[in-house]
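In what follows, a single structure is set out as C-alpha cells and then discussed.
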Amino acid sequence: MQGLSKQETLATLRARIETLEKRPLLAGASSAPAADTPDRFVLPSSTMHEIFTDAPRNAGATLGFSLAATRGLLSANRPVVLYLQLAGETAETGLPYAPGFLSFGIDPDAVILIRVETIVQLLWAAEEALACHAVAAVIADICSDPKAMDFTASRRLGMRATEAGGTFLLLRYGLGRTATAARLRWHIMPEISGEKAYDAKAPGDSRWRLKLEKGLWRGKPNEEWLLSWTGNGFDILPLPDTDRAPAAAPLPRALPSPMGHRLSQTA
Amino acid sequence: MRLVALDETAIRHGLSLGQTVSDARAQLPELEVREIDQELTQALFADFADWHSYASPLVVALTDMAPYGDLVLDITGVTHLFSGEEQMLATVTARLKQLGFTAIGAIASTIGAAWALVHSGRSEIVSASLAEALANLPVASLRLADHQIARLTQTGFKTIGQLYSRDRKSLQSRFGDSLLLRLDQALGRLEEPIEPRIPVAELFMERRFADPIGLMDDVLMCAHDLAVSLSCRLEAAGQGAKTFHLFLYRVDHKVMTFSVNAGRATRDPNHIGRLFSYRAERLEGEYDAGFGIDMIRLAASSVCEIDARQIGVFEQDDGAQTLDRLYDLMASRLGPLAVLRPYFVNSYIPERIVNLEPVLIATEPDPDSYPDTATPRPLRLLVTPEPIGVIAEVPDGPPASMVWRRVGYRFIKASGPERIAAEWWSGRQLPALTEASLTLAATEDAAHLYFDEARTIRDYYVAEDNGGRRFWIFRVGLYVADTRPAWFMHGFFA
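Those protein sequences? They're chains A and B, same order as listed. Quick note on this note's numbering: the first sequence kicks off at 30 and runs consecutively. Quick note on this note's numbering: the second sequence kicks off at 737 and runs consecutively.
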C-alpha cells in the first residue's frame, strides 16, 4: 500500500465497500422506478428523504409537499401513507386535517395517523411500517431535535426503506443539521402562490422553493427548483432570480459512485 | 356502626355479626375495633374472586348483602372436571382452608338457596327439591333487610317453610316487594341474572405448572404454545377470533389479564404470539409475578367463522391483510388509541367534521358526511384555535397583518370570508373560544347564547403572508357597536 497515494487508497477502499453493499440492494430492487424525466418532478421512491424547513410555522408547506410527493407512490398494492407524530407536538404543528388532503388528490382514507408518546416509539413504529410491503410511504414529523433520532437510527430506517421498497420522509424543522443517513436532504420554503383566475387578491396554487442540500439527484448536487402544485402533479417553474452570482467552485472531492447512497454519508 | 367481621377469639366470647359496636363493647370491653375500608376490601375480594376462575369461568362477587362480597361460581358443566359436585366443593373449600381462610360452601341450583344454606352454616349439596331443603332454614337466610327479618320474626315466621303456604299478596303488603323477590329467587321461580367478573370466553386453552414461573419471556413463550393449540381448535371449527385474553393466575390468588385485539378475525398462532409480545412491551406496572404464576389461560372471544382461502397464483394482493396485521401490532405496542384513521361526521364546524377513530374500530363510512371539496380546507388544523392579534384595513374586510406566537406577519393575499355559523340543531353546544364566552356560557341562559349571532358566527379567511405561508384564520362574531371581534388562528395550508 505504500506505493499508492492517499487518493488511490481511498478509491480502492470505496470500490470495495461499493461491491460489498451492492448485494442486498440487488436483492430488493425488484420494483421498477417511476418514470423520471427531466420535465417532471418525481421524488425517488424506496429510500429515505429528509425534508427540512426553517421553522414550525412552515409546517403546512412541508406536509403539503410530502403529501403531493407521496401521491404518485400510492398504488393498488401499496394503498396507504402513514403519518407519525409525537402526541406532545400536536399543539405546535396541529393535527393533519383530512378534508384538506382532498386538494392534493389524496383519499383521506389512505392516510393513517399514528400518534406516539415517545421518540423511541416513533422510531419503532416507523421501522415496523417501513418493513410492511403494503405501505407506500411513511411521513415522520419531528419538531424537536431528539437524541434518539441519530445517525444509527436513521441508517436503520433508510435500510428498511430500501429493503421493503417503502419511502420514508422525515420532516424536520430548524436551521441545525444533525448527521443522518438520509440519501437526499431537501430544504423547503414556501413561496408566494400563483395567480388565481379572476381573483388577483386570492391565494392561488401552492408553490414551494426546493433545494437539494445533500446527495445527488439525476447525477447533480445542490439543485434548486421552484415547484407548483397543479392538482395532478408538480409543475416545474423557472427560478425567478437567475442573475445571482454562481457559487464558488466546490472543494474538489471524490464524486460519489452511482451506488453512493449506500455509502455511509454524513452531513 | 355494626360488626361486619370477627376473628375466632371474638366469636368464642360470644360476639356475632351484625351486632352494634356499643353493644359489643359493653359485652367485651377490651374489644379492638377497626373501621372497614370498604372499597379496598371489595377490590381485594374481587381480585380474589377472579382467581377462582381456575374452577369455573363464571365467577361473581355478590356485593348486595355482604360488606365486601359473597363468592358465587356458576359450576354448570364443569363439575366433571373435578369428578363430581362433592369433590369439587371439597377441593375448592379445602384449597381456601389451606390458605388460612375460614370458608364454607354449598351447591344449589339457585344463588338464593346456596346463600341461605351457607349463611345458616350448612355445607350441603341440594340435588332434590329446593323447597324442601330451604323449609327448615331461618327466614334470616333469605337475603332480606334487618327490619324485614325483625318484622317476620315478630309476626311468628321462624322458617322459610312457613312462608310457602301464605297468601302472596298479604306477604307483599306487609313485608315489602323484596320478600317475594328473594323467596322466588331462592326457589328458582325467578331467574337471577349474574354478571360475570371476567367476560366469558368462548374458547380457551390453559396450562398448569408444577413449579410457578415468573419471567415475562416464559409467559410469552407459553402464550405462544397455547396459541398454537388454540388455533388448532379454531381451525377444526373453521373459526377465527378478534380478541384474545391472557389470564395469568398467580400463586397468591391474583389474576392478571392482558387483552389484545385484531382488526380482522385471525387464528394465526404467530400473529397472536407477536401481539402479546408487543403488548408486553407496553406494560406499566401491571405485570407483577409476585411469588410466581401457576396457571396460564389463553382465551378467545368475538369468535366468528372464517373460511380457509385458496391463494391464487395470479391474484393481486391488495395489501389489506398485511395492513390489518401492521395496525394490530402497532395498536398492541402503542395502545389502541395511537393508530387512528379519519372518520367524517356530518357537520359544518371544521373541528367537528372529522373525528379520529382507532383503526381497530371499523366504522362504516357515511357517504353523506363526506366533506365538500369546493371550499378551501387546510392541511393541518390546530386542536384549539389560538388567539391572534389582527389588523384589518376595514372592519369586515380581509386581514392586513397579524401577530401570532409573538411574531408579526404581513398579509399580501387573502380570500374570504367563508361564514360558518353554529348549527341550529346543535346550537346549544357551542364551541366556547374566548375566556369571555366561557364565563358567559356559564352564567347566562344557554338559550340566549343560542340566538346570539355575535358570538356564534365565524368568518374564515385564507391569508397568505409575504413569505408564502398560508394560514386559515377566523373572526368570531360581528362588528357591532364598539365591540371588537376576536381573531383566531386555526390551521395551515400548504
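For every residue, glycine included, the Cβ atom is placed at its ideal position computed from N, Cα and C.
Please state whether DSSP places residue i in a helix, a strand or coil.
{"i": "residue 872 of chain B", "result": "coil"}
{"i": "residue 935 of chain B", "result": "coil"}
{"i": "residue 752 of chain B", "result": "coil"}
{"i": "residue 679 of chain B", "result": "Because chain B in this structure spans residues 737 to 1230, residue 679 of chain B falls outside the shown range and cannot be described."}
{"i": "residue 168 of chain A", "result": "strand"}
{"i": "residue 976 of chain B", "result": "strand"}
{"i": "residue 216 of chain A", "result": "strand"}
{"i": "residue 299 of chain A", "result": "Any answer about residue 299 of chain A is impossible in this case: the structure gives chain A only from 30 up to 296."}
{"i": "residue 161 of chain A", "result": "coil"}
{"i": "residue 856 of chain B", "result": "coil"}
{"i": "residue 183 of chain A", "result": "helix"}
{"i": "residue 789 of chain B", "result": "helix"}
{"i": "residue 981 of chain B", "result": "strand"}
{"i": "residue 772 of chain B", "result": "coil"}
{"i": "residue 132 of chain A", "result": "helix"}
{"i": "residue 1006 of chain B", "result": "helix"}
{"i": "residue 784 of chain B", "result": "helix"}
{"i": "residue 1023 of chain B", "result": "coil"}
{"i": "residue 84 of chain A", "result": "coil"}
{"i": "residue 109 of chain A", "result": "strand"}
Hey, does residue i have any beta-carbon neighbour from chain B nearer than 8 Å?
{"i": "residue 202 of chain A", "result": "no"}
{"i": "residue 58 of chain A", "result": "Here residue 58 of chain A scores only 39 on pLDDT, less than 50, and its place in the model is too uncertain to base an answer on."}
{"i": "residue 62 of chain A", "result": "Its pLDDT being 43, under 50, residue 62 of chain A is placed unreliably by the model, and the measurement read from it follows with that caveat. No, residue 62 of chain A does not count as interfacial toward chain B."}
{"i": "residue 109 of chain A", "result": "yes"}
{"i": "residue 275 of chain A", "result": "With a pLDDT of 48 at residue 275 of chain A, under the threshold of 50, the predicted position of this residue should be treated as unreliable, though the coordinate-derived value follows. Judged by the 8 Å Cβ criterion, residue 275 of chain A is not in contact with chain B."}
{"i": "residue 303 of chain A", "result": "A query on residue 303 of chain A cannot be resolved here, the shown segment of chain A reaching from 30 to 296 and no further."}
{"i": "residue 41 of chain A", "result": "no"}
{"i": "residue 67 of chain A", "result": "no"}
{"i": "residue 187 of chain A", "result": "no"}
{"i": "residue 105 of chain A", "result": "yes"}
Do you know whose CA, among the options, lies nearest residue i's CA?
{"i": "residue 115 of chain A", "options": "A/171, A/267, A/208 and A/250", "result": "A/171"}
{"i": "residue 848 of chain B", "options": "B/976, B/761, B/896 and B/919", "result": "B/919"}
{"i": "residue 124 of chain A", "options": "A/169, A/181 and A/186", "result": "A/169"}
{"i": "residue 844 of chain B", "options": "B/997, B/924 and B/1011", "result": "B/924"}
{"i": "residue 234 of chain A", "options": "A/43, A/97 and A/69", "result": "A/97"}
{"i": "residue 883 of chain B", "options": "B/1212, B/1109, B/910 and B/978", "result": "B/910"}
{"i": "residue 812 of chain B", "options": "B/805, B/821 and B/1159", "result": "B/821"}
{"i": "residue 874 of chain B", "options": "B/898, B/837 and B/1071", "result": "B/898"}
{"i": "residue 957 of chain B", "options": "B/802, B/916, B/772 and B/1033", "result": "B/1033"}
{"i": "residue 1084 of chain B", "options": "B/747, B/1068, B/952 and B/1106", "result": "B/1106"}
{"i": "residue 78 of chain A", "options": "A/111, A/255 and A/201", "result": "A/201"}
{"i": "residue 1038 of chain B", "options": "B/975, B/1209, B/853 and B/758", "result": "B/975"}
{"i": "residue 1131 of chain B", "options": "B/1074, B/1122, B/1208 and B/1216", "result": "B/1216"}
{"i": "residue 177 of chain A", "options": "A/148, A/120 and A/229", "result": "A/148"}
For chain A, is any of its Cβ atoms less than 8 Å away from the one on residue i?
{"i": "residue 996 of chain B", "result": "no"}
{"i": "residue 952 of chain B", "result": "no"}
{"i": "residue 803 of chain B", "result": "no"}
{"i": "residue 1107 of chain B", "result": "yes"}
{"i": "residue 1053 of chain B", "result": "yes"}
{"i": "residue 1116 of chain B", "result": "yes"}
{"i": "residue 1058 of chain B", "result": "yes"}
{"i": "residue 1062 of chain B", "result": "yes"}
{"i": "residue 1156 of chain B", "result": "no"}
{"i": "residue 1048 of chain B", "result": "no"}
{"i": "residue 999 of chain B", "result": "no"}
{"i": "residue 1203 of chain B", "result": "yes"}
{"i": "residue 936 of chain B", "result": "no"}
{"i": "residue 738 of chain B", "result": "no"}
Kindly examine the ligand FMN and report whether one of its heavy atoms sits closer than 7 Å to the Cβ of residue i.
{"i": "residue 838 of chain B", "result": "The model depicted lacks the ligand FMN and carries no ligand whatsoever."}
Contact check, residue i vs residue j under 8 Å by CB: the rounded distance?
{"i": "residue 977 of chain B", "j": "residue 1003 of chain B", "result": "7 Å"}
{"i": "residue 90 of chain A", "j": "residue 246 of chain A", "result": "No, residue 90 of chain A and residue 246 of chain A are not in contact; Cβ-Cβ is about 20 Å, not under 8 Å."}
| said: Taking beta-carbon pairs under 9 Å, can you tell me which members of the stretch 195-226 of chain A lie near chain B? | reply: 218, 219, 220, 221, 222 and 225
| request: Can you give me, in chain order, the residues of the stretch 1205-1229 of chain B that have a beta carbon less than 7 Å from any beta carbon in chain A? | output: 1205, 1206, 1227, 1228 and 1229
| field | chain A contacts made by the stretch 1123-1151 of chain B, where a contact means CB separation under 9 Å | value | 1134, 1140, 1141, 1143, 1145, 1148, 1149, 1150 and 1151
| query | Between the stretch 148-161 of chain A and chain B, which residues of the former have CB atoms less than 8 Å from a CB of the latter, in chain order? | reply | 150, 153, 154, 157, 158 and 161
| request: Determine which residues of the stretch 1066-1080 of chain B have a Cβ less than 9 Å from any Cβ of chain A, and write them out in chain order. | output: 1066, 1069, 1070, 1071, 1073, 1074, 1075, 1076, 1077, 1078, 1079 and 1080
| query | When you check each C-beta in the stretch 79-98 of chain A against every C-beta of chain B, which residues fall closer than 8 Å? | reply | 86, 87, 88, 89, 90, 92, 93, 94, 96 and 97
| task | Select from the stretch 130-147 of chain A all residues with a C-beta closer than 9 Å to any C-beta belonging to chain B, and list them in chain order. | result | 130, 131, 132, 133, 137, 138, 140, 141, 142, 143, 144, 145 and 146
| query | the stretch 227-239 of chain A: which residues have C-beta closer than 9 Å to a C-beta of chain B, in chain order? | reply | 228, 229, 230, 231, 232, 233, 235, 236, 237 and 238
| Which residues, in chain order, does the stretch 248-261 of chain A contribute to contact with chain B at a C-beta distance below 9 Å? | 258
| Mind listing which residues of the stretch 1082-1094 of chain B have their C-beta closer than 7 Å to chain A's C-betas, in chain order? | 1089, 1090 and 1092
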